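Quick note on full-length UniProt numbering: the sequence shown kicks off at 1 and runs consecutively.
Built from N, CA and C at the ideal position, the CB exists for glycine as well.
It should be emphasised that the depicted structure is a prediction, and the values quoted were computed from it without experimental measurement.
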Amino acid sequence: MSQPAPHPVKRDAEGTRRRILAAATDQFTTHGLAGARIDAIARAANTNERMLYYYYGSKEGLYVAVLEGMYVDDTHREERLDLTECAPSDAIRLLAHTIWTHVRENPGWLCLINNENLHEGRYVKSSSKFRETISPIVEMLRTALARGVATGEFRQDVDALDFYVTLAGMGYYIVSSRFTLDAFLGRNYMEQPAQESITAMHLDMLLGYLRLPSGPGVAS
Numbered sequence: 001m002s003q004p005a006p007h008p009v010k011r012d013a014e015g016t017r018r019r020i021l022a023a024a025t026d027q028f029t030t031h032g033l034a035g036a037r038i039d040a041i042a043r044a045a046n047t048n049e050r051m052l053y054y055y056y057g058s059k060e061g062l063y064v065a066v067l068e069g070m071y072v073d074d075t076h077r078e079e080r081l082d083l084t085e086c087a088p089s090d091a092i093r094l095l096a097h098t099i100w101t102h103v104r105e106n107p108g109w110l111c112l113i114n115n116e117n118l119h120e121g122r123y124v125k126s127s128s129k130f131r132e133t134i135s136p137i138v139e140m141l142r143t144a145l146a147r148g149v150a151t152g153e154f155r156q157d158v159d160a161l162d163f164y165v166t167l168a169g170m171g172y173y174i175v176s177s178r179f180t181l182d183a184f185l186g187r188n189y190m191e192q193p194a195q196e197s198i199t200a201m202h203l204d205m206l207l208g209y210l211r212l213p214s215g216p217g218v219a220s
């Protein structure tokens, strides 16, 4: 008696893509674009090199997909913040803490950013998704700043994009330069006391810039 033909195994295309992206993220984070190896990515993803080229076209295409995924994940994480329920100053604090905590807890994210800067932003520029991902966060911040202006708490002349870059840059520098800062200055900003101290200073600087000037000698 003949046996019934086995049902064909349905390929898990989405699962394969996720495994490839996860493996590629690890390779690009550790070795950069130049040092990452397609064969190592394929092995780690439990697939073959042909599938990598099928889904992403090239090593560079896979690298761009990793960068896009990183920025999209960041945007989704920040978009989940509900800044509308916070007082304007608290909204700034919440956004800053969220961004700075993410940077501290994800040093691999910094490795990818640093690597792309070595390429002068060439691959970020090749994708239209990057500008789309940053816009919602800047709009959230712009709304929070506008509420602060309306309540008389914040000054009116603050550029939301410049402020966002400044805020993000504070957290970025401390983590990206953590080893050299420790070596040169003898202070490890990843340790809790130093981390809390500089976080408080950064928040005071940001909010001090936003608040309306007051006191003797200040024109009304």
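Flag this pair as yes or no: are the beta carbons of residue i and residue j separated by less than 8 Å?
i    : j    : result
L83  : L95  : yes
N48  : R19  : no
F154 : R77  : no
I38  : A23  : no
G35  : I99  : no
M51  : T16  : yes
L112 : M70  : yes
P136 : E60  : no
P213 : A144 : no
S126 : V64  : yes
Q156 : V165 : no
N115 : G57  : no
Suppose the cutoff is 7 Å on Cβ atoms and the five residues either side in sequence are ignored; what does the same chain contact list for residue i look like?
i    : result
Q195 : Y189
L206 : I92, A96 and L167
V175 : V103, R104, P107 and L110
I198 : I174 and Y189
P160 : Per the sequence shown, residue 160 should be read as Ala rather than Pro. Counting only Cβ-Cβ distances below 7 Å, and skipping sequence neighbours, we find V138, L141, R142 and L145.
A183 : none
R147 : P88
Is residue i helix, strand or coil by DSSP?
i           : result
L207        : helix
C111        : helix
Y54         : helix
H97         : helix
M190        : coil
D74         : helix
D26         : helix
residue 221 : With the chain running from 1 to 220 in the structure shown, residue 221 is simply not present.
N117        : helix
T166        : helix
T180        : helix
L62         : helix
A144        : helix
residue 222 : The structure shown does not extend to residue 222, since the chain is modelled only from 1 through 220, so no value can be given for it.
R18         : helix
residue 272 : The requested residue 272 is not part of the displayed model; the chain covers only 1 to 220.
T199        : helix
A45         : coil
A36         : coil
L185        : helix
A219        : Here A219 scores only 44 on pLDDT, less than 50, and its place in the model is too uncertain to base an answer on.
L81         : coil
M1          : With a pLDDT of 48 at M1, under the threshold of 50, the modelled position of this residue cannot be trusted; read the value that follows with caution. The answer is coil: DSSP assigns M1 none of H, G, I, E or B.
A13         : helix
I want to see whether chain C comes within less than 8 Å of residue i, judged by CB atoms only; does it?
i    : result
T180 : The question asks about chain C, but that chain is absent: this structure has only one protein chain.
What does DSSP give as the partner residue(s) for residue i in the beta ladder?
i    : result
F154 : R211
Once you ignore the five residues that flank residue i on each side, which residues in its own chain have a CB closer than 8 Å to its CB?
i    : result
R178 : N188, Y189 and M190
A5   : A caution first: A5 carries a pLDDT of 45, below 50, which makes its placement in the model unreliable, though a value can still be read off. If we look at A5 and ignore the five residues flanking it on each side, it has no Cβ neighbours.
Tell me which same chain residues have a C-beta within less than 6 Å of the C-beta of residue i, skipping the five on either side of it?
i   : result
A44 : A23
Closer than 7 Å: is that where the CB of residue i sits relative to any heavy atom of the ligand MG?
i   : result
Y55 : Looking for the ligand MG in the displayed structure turns up nothing, as the structure carries no ligands at all.
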